[in-house]
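Notes follow the structure.
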Amino acid sequence: MRGTFAGTAAVAGIGATEFSKDSGRSELRLACEAVLAALADAGLTPADVDGLVTFTAETNSEIHVARNTGMGELTFFSRVGYGGGAGCGTVQQAAMAVATGVADVVVCYRAFNERSGERYGLGQAARPMDTTADRAAYAWTTPFGLSTPAQWVAMFARRYLHEYGATTDDFGRVAVVDRKHAANNPAAWFHGRPITLQDHRDSRWIAEPLRLLDCCQETDGGQALVIVSAERARDLPHPPAVIRSAAQGLGADQHMMTSYYRPTITGIPEMGLVGRQLYGQSGLGPDDIDAAVLYDHFTPLVLPQLEELGFCAPGEAKDFIADGHLELGGRLPFNTHGGQLGEAYLHGMNGIAEAVRLVRGTSVNQPDTADHVLVTAGTGVPTSGLILGADR
Amino acid sequence: MSGHDERPRPGYEERLQGFTGRELRPLTRAQDPVNQPMIRHWTEAMGDTNPVYTDAAAARATGRTGVVAPASMVQAWTMRGYAATVAPPSPSAPGGFDALVALLDEGGYTSVVATDSAFTFLRELETGDHVAVRETVESVSAEKRTALGTGRFVTTLKTYTDRHGATVATQRWRTLRFRPAPAAPPDAAPAPRPRPAVNRDNAFFFEGAERRRLLIQRCTGCQTLRHPPGPCCPGCNSLEWDTVEASGEGRVYSFVVSHHPRHPAFTSPYLVAVVELAEGTRLVTNLTGVAPDDVTIGMPVVLDWLTADPDPTLPVFRPAPTEAP
Chain X
11 MRGTFAGTAA
21 VAGIGATEFS
31 KDSGRSELRL
41 ACEAVLAALA
51 DAGLTPADVD
61 GLVTFTAETN
71 SEIHVARNTG
81 MGELTFFSRV
91 GYGGGAGCGT
101 VQQAAMAVAT
111 GVADVVVCYR
121 AFNERSGERY
131 GLGQAARPMD
141 TTADRAAYAW
151 TTPFGLSTPA
161 QWVAMFARRY
171 LHEYGATTDD
181 FGRVAVVDRK
191 HAANNPAAWF
201 HGRPITLQDH
211 RDSRWIAEPL
221 RLLDCCQETD
231 GGQALVIVSA
241 ERARDLPHPP
251 AVIRSAAQGL
261 GADQHMMTSY
271 YRPTITGIPE
281 MGLVGRQLYG
291 QSGLGPDDID
301 AAVLYDHFTP
311 LVLPQLEELG
321 FCAPGEAKDF
331 IADGHLELGG
341 RLPFNTHGGQ
351 LGEAYLHGMN
361 GIAEAVRLVR
371 GTSVNQPDTA
381 DHVLVTAGTG
391 VPTSGLILGA
401 DR
Chain H
247 MSGHDERPRP
257 GYEERLQGFT
267 GRELRPLTRA
277 QDPVNQPMIR
287 HWTEAMGDTN
297 PVYTDAAAAR
307 ATGRTGVVAP
317 ASMVQAWTMR
327 GYAATVAPPS
337 PSAPGGFDAL
347 VALLDEGGYT
357 SVVATDSAFT
367 FLRELETGDH
377 VAVRETVESV
387 SAEKRTALGT
397 GRFVTTLKTY
407 TDRHGATVAT
417 QRWRTLRFRP
427 APAAPPDAAP
437 APRPRPAVNR
447 DNAFFFEGAE
457 RRRLLIQRCT
467 GCQTLRHPPG
477 PCCPGCNSLE
487 WDTVEASGEG
497 RVYSFVVSHH
507 PRHPAFTSPY
517 LVAVVELAEG
527 TRLVTNLTGV
537 APDDVTIGMP
547 VVLDWLTADP
557 DPTLPVFRPA
567 PTEAP
């Protein structure tokens with residue numbers, strides 16, 4: 011199959027700042043100005059935008075541009091590497107997103123103080139690093155000793171416990187299921203080493219309310235996936251794991267792991283955004299999902315994922331888990347490979363591989379039915395998700 | 247600074263590695279043969295009541311020809327005895343052991359701690375056996391950093407033999423020879439906190455903090471307050487802004503008690519909180535003057551300034567004083 015987007019997308023607006031040798035303002039402000047100018051030229055507003063594409067070399071991350079210009083939620087964000095080689099590639103990414111319906115309005119941008127700030131032409135000469143928007147964002151946390159992912163997640167976790175009357179045992183039950191499944195998995199680091207809830211209670215504090223056994227492993231390893239058309243996959247050795255839907259989500263007022271400034275911080279709105287797209291694209295709903303691989307860098311954020319994805323109501327994940335629904339034979343067998351606590355921490359890519367095994371029927375913890383498997387990516391950050399399905 | 251020059255001397259490593267395989271202690275015969283009284287003293291001290299060590303009939307009932315010595319006693323037979331430990335150093339030429347210790351001292355590895363000892367036993371010793379021991383160097387490790395200090399693991403092999411020269415046991419003996427880590431002087435300044443990365447968009451906040459003013463960014467287009475600040479208003483897209491000074495009152499919105507990883511600027515466990523200011527914006531900060539167990543979400547707090555680390559000054563919060571009745 012050869013899909014095409016030729017002729018389906020167009021450039022509707024252009025905008026720029028003045029071009030100078032010393033802008034006198036931050037790179038982020040330049041990006042905002044250029045984006046706003048392009049939108050004005052197109053007769054659109056930031057609220058119309060649902061996609062951003064830029065260079066991997068760009069210092070102004072999508073979260074900063076979106077938050078400052080008031081774009082709200084984004085369903086598509088992508089970056090292209092290799093310096094100046096990225097330019098037209100950003101437009102290709104945007105065109106593919108628009109042609110496939112993943113986004114309606116995509117802005118491509120690039121902004122820097124390349125003359126008054128970091129000059130590429132100086133080569134490898136010693137020079138001070140410019141303070142980018144990403145680096146400046148850490149100024150709000152690291153001077154206060156809040157600088158690790160566990161600490162960042164602990165802030166959400168404490169508020170979640172407070173608002174929903176949950177306890178750290180509710181986090182521990184997630185770890186116990188992960189390790190139970192890992193115990194059966196010869197590829198898992200914790201193969202043959204299940205834990206009990208008491209083990210979790212006895213493990214040391216890392217960042218209260220997170221204990222050691224709430225935290226994923228650190229792993230050396232690699233994981234890759236090959237994607238072809240479903241038609242071609244049918245001629246290859248394994249049964250296809252058909253991509254029923256795939257979505258990205260960047261929430262309103264999104265920060266990196268520290269979105270503490272939203273009206274509430276007990277949910278993961280960007281995961282809700284992903285879930286709505288996954289169900290919308292596939293025509294499936296939570297009741298159609300047979301198993302899930304949910305991102306588990308830290309156990310506390312598994313609970314709001316279950317809520318955002320519609321498997322239970324807000325605040326009820328603790329009961330859903332305590333009732334055994336994440337176990338084999340439960341409503342939603344979860345992290346059958348052992349998750350990132352039990353198998354390995356490969357930034358979630360090993361979880362996608364497990365979803366493929368579930369659809370193939372080859373998981374070491376294979377549930378009776380796994381026709382539709384939902385997979386999520388990292389939480390606390392702009393994120394993504396998939397529904398993989400059997401070819402029937 | 248330590249007075250010791252820690253630069254490697256030319257040839258030092260070669261001289262040290264030259265000890266590999268070298269004899270530290272020549273074959274040295276035990277002062278006494280294996281005998282019942284010493285076995286009895288040992289088993290009494292150890293609380294070992296196994297009769298094969300003291301009762302010949304019981305030993306024979308297990309297939310032995312008579313009483314045997316506890317295996318782990320092998321080292322005891324060859325100890326040099328009390329008199330030698332209190333005698334003045336021998337004026338004779340230093341043996342291999344003294345030479346190695348002198349070389350380690352030269353490298354600054356002046357402290358020692360035993361780390362592990364692994365025995366292999368080939369046969370049981372019976373009364374009348376007479377043990378001898380010889381010790382050779384198996385390896386001297388590269389320099390390692392340990393919690394005690396930087397040092398080298400020295401592994402030696404002690405071979406225990408009987409009067410016929412047959413090996414009865416071996417002992418792999420490892421010590422760490424190290425430079426003691428200097429104790430921090432009590433008045434040493436704590437490590438500085440991580441510095442905020444300051445740029446055009448957030449400099450006003452940290453400059454205000456230097457003057458002990460907690461500033462909140464305000465859009466001059468729509469008057470909305472925002473924190474963390476940014477160059478553009480998400481509500482009205484104005485690029486113009488000024489600041490207002492916060493009242494310094496707020497409530498704990500959430501908090502973390504951090505234990506790990508330890509950072510030299512912070513005394514673990516320490517408190518990090520998100521505080522919601524009376525003005526409505528939230529910020530990440532530290533809580534002071536309160537124990538972790540006494541913090542609750544919603545508790546009122548007031549602004550304080552952290553000066554322990556002179557640059558930068560940071561806003562922190564402490565529990566609000568309770569009103570007098």
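Going down the list, the protein sequences come from chains X and H.
In terms of my numbering, the numbers along the first sequence are unbroken and rise by one, the last being 402.
In terms of my numbering, the numbers along the second sequence are unbroken and rise by one, the last being 571.
Yeah, the Cβ is synthetic: ideal placement off N, Cα and C, and Gly gets one too.
Comparing alpha-carbon positions, which option in H/L533, H/E495 and H/V541 lies nearest H/G526?
Looking at the Cα atoms, H/E495 is the closest of the given residues.
Could you check which residue in H/T324, H/Q321, H/F265 and H/P558 has the C-alpha nearest to that of H/R457?
H/R457 has its Cα closest to that of H/P558, out of H/T324, H/Q321, H/F265 and H/P558.
Is X/S213 close to chain H? Criterion is C-beta to C-beta, closer than 8 Å.
So, not an interface residue.
Output needed in chain order: residues of the stretch 496 to 516 of chain H with a Cβ under 8 Å from some Cβ in chain X.
Per Cβ criterion, the list reads Y499, S500, F501, V502, V503, S504, H505, H506, P507, H509, A511, F512, P515 and Y516.
X/A57 to X/G202, Cα distance in whole Å?
Approximately 51 Å, taken between the alpha carbons.
Could you check which residue in X/V21, X/R35 and X/P273 has the C-alpha nearest to that of X/M106?
When each option's Cα is compared against that of X/M106, the closest is X/V21.
Judging by CA-CA distance, which residue of H/A333, H/M292, H/T356 and H/A388 is the nearest neighbour of H/P316?
Checking every option, the nearest Cα to that of H/P316 belongs to H/M292.
Going along the chain, which residues of the stretch 466 to 494 of chain H sit with their C-beta nearer than 9 Å to a C-beta in chain X?
So the list reads R472, H473, P474, G476, P477, C478, C479, P480, G481, C482, N483 and L485, given in the order they occur along the chain.
At least one CB of chain H closer than 8 Å to the CB of X/L235: is that the case?
Judged by the 8 Å Cβ criterion, X/L235 is not in contact with chain H.
Might you give, ordered along the chain, the residues of its own chain that have their beta carbon closer than 7 Å to the beta carbon of H/P510, omitting 5 neighbours on each side?
Closer than 7 Å at Cβ, skipping near neighbours: P436 and A437.
Does the CB of X/V320 have a neighbour CB from chain H at under 8 Å?
Reading the sequence as shown, one finds Gly at residue 320 of chain X and not Val. It does not: the Cβ of X/G320 has no partner Cβ on chain H nearer than 8 Å.
Would you verify that the beta carbon of H/N532 is, or is not, closer than 8 Å to some beta carbon of chain X?
Closer than 8 Å to some Cβ of chain X, the Cβ of H/N532 qualifies, so yes.
Output needed for X/L316: all residues of its chain with C-beta closer than 7 Å, excluding positions within five of it in sequence on either side, in chain order.
Closer than 7 Å at the Cβ level, and outside the excluded window around X/L316, lie C322, A327 and F330.
Where does the unbroken beta strand (DSSP E) through H/Q417 begin, and where does it stop?
H/Q417 -> beta strand (DSSP E) spans T413 to P426.
Evaluate H/R255 with the Cβ neighbour count: other Cβ atoms within 10 Å of its Cβ, from every protein chain shown; 16 or more gives buried, anything less gives exposed.
Label assigned to H/R255: exposed.
Please classify X/D212 as buried or exposed, where buried requires at least 16 neighbouring CB atoms within 10 angstroms.
Counting Cβ neighbours within 10 Å, X/D212 comes out exposed, since fewer than 16 surround it.
Can a CB atom of chain X be found closer than 8 Å to the CB of H/L560?
For H/L560, the answer is yes, since a Cβ of chain X falls inside 8 Å of its Cβ.
Return the CA-CA distance between H/A455 and H/L461, expressed in angstroms with no decimal places.
One C-alpha to the other measures close to 8 Å.
Confirm, please, whether the CB-CB distance from X/C226 to X/Q102 is below 8 Å.
Not in contact: X/Q102 and X/C226 (Cβ atoms no closer than 8 Å).
Per DSSP, which residues does X/L384 bridge with? Please list them.
Note: X/L384 sits in a beta bridge opposite X/A302 and X/I397.
Note down the Cα distance separating H/E486 from X/T79, rounded to an integer number of angstroms.
Going from the Cα of H/E486 to the Cα of X/T79 covers about 13 Å.
Which of the three DSSP states, helix, strand or coil, is assigned to H/D251?
For H/D251, the predicted structure reports a pLDDT of 48, less than 50, and the residue's modelled location is therefore unreliable. The matter cannot be settled from this model.
What residue range does the beta strand (DSSP E) around X/V59 cover?
Premise fails: X/V59 is in no beta strand (DSSP E) and is neither H nor E.
Grab me the residues of X/G259's own chain with a C-beta within less than 6 Å of its C-beta, minus the 5 sequence neighbours each way, in chain order.
Taken in chain order, the residues that qualify are E280, L283, V284 and T393.
Using the beta-carbon count (16 or more within 10 Å), is H/T413 buried or exposed?
Classification of H/T413: exposed, given that the 10 Å Cβ count is below 16.
Less than 8 Å between CB atoms is the rule here; does X/H335 satisfy it with respect to chain H?
Output row for X/H335: interface = no.
Give a yes or no on whether 8 Å exceeds the smallest Cβ distance from H/R439 to chain X.
Yes - at least one Cβ of chain X is within 8 Å of the one on H/R439.
Between which two residues does the beta strand (DSSP E) containing H/A519 stretch?
Y516 to L523 is the span of the beta strand (DSSP E), which, as asked, contains H/A519.
Need the endpoints of the beta strand (DSSP E) that H/R497 sits in, please.
Note, H/R497: beta strand (DSSP E), E495 to S504.
Indicate whether at least one CB of chain H lies closer than 8 Å to the CB of X/M267.
For X/M267, the answer is no, since every Cβ of chain H falls outside 8 Å of its Cβ.
Taking CB distances under 8 Å as the criterion, tell me whether X/G23 reaches chain H.
Not closer than 8 Å to any Cβ of chain H, the Cβ of X/G23 fails to qualify, so no.
Label X/I397 either buried or exposed according to how many other C-beta atoms from any shown protein chain fall within 10 Å of its C-beta, with 16 as the threshold for buried.
Result: buried.
Expressed to the nearest angstrom, what Euclidean distance is found between the alpha-carbon atoms of X/R168 and X/G53?
X/R168 and X/G53: Cα-Cα distance of roughly 44 Å.
Pop quiz: H/L533 and H/A524 are said to be a contact at Cβ under 8 Å. What is the actual Cβ separation, rounded to whole angstroms?
Actually they do not touch by this definition, with Cβ atoms about 17 Å apart.
Looking at C-alpha atoms only, which residue of H/F367, H/F450, H/H376 and H/R459 is the closest neighbour of H/V550?
It should be noted that the sequence gives Asp, not Val, for residue 550 of chain H. The shortest Cα separation from H/D550 among H/F367, H/F450, H/H376 and H/R459 belongs to H/R459.
Quick check on the burial criterion: 16 or more other C-beta atoms within 10 angstroms. Buried or exposed for H/Y258?
That one is exposed.
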